[in-house]
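S.K.: For reference, the structure I am asking about is given below.
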Amino acid sequence: MDDGRLGSSGYLEWESLMKLLNKLPYPLAKTVVMTIGSGFILLGAWVM
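Numbering (the numbering used here), first residue to last: 212 to 259.
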């Protein structure tokens with residue numbers, strides 16, 4: 212597994228997510244971020 216390529220892919224995904232969130236109104240962007248964060252927390256709790 213090439214860690215450099217994985218890091219680059221993660222950076223590109225982060226960059227595209229930031230561009231998408233900047234186009235949205237602030238309350239909607241905040242809701243999207245909270246939903247994604249809650250999803251990661253719930254998934255982590257479910258896996259554990």
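Note that CB positions come from ideal geometry on N, CA and C, so glycine has one too.
Every value quoted in this text rests on a predicted model; they were computed, and no experiment measured them.
#1: Which class does residue 236 belong to by DSSP, given the choice of helix, strand or coil?
#2: Roughly how many angstroms lie between the CA atoms of residue 236 and residue 227, to the nearest whole one?
#3: Taking the straight line between their C-alpha atoms, what separation do you get for residue 239 and residue 259?
M.R.: Well, looking at it:
#1: By 1-based counting over the sequence shown, the position of residue 236 is 25. In the structure shown, residue 236 sits in coil (DSSP, three-state: anything other than H, G, I, E or B).
#2: Taking the sequence shown and counting its residues from 1, the one referred to as residue 236 is at position 25. Taking the sequence shown and counting its residues from 1, the one referred to as residue 227 is at position 16. Roughly 16 Å separates the two Cα atoms.
#3: Your numbering for residue 239 matches position 28 in the sequence shown. Your numbering for residue 259 matches position 48 in the sequence shown. Distance between the alpha carbons of residue 239 and residue 259: 30 Å.
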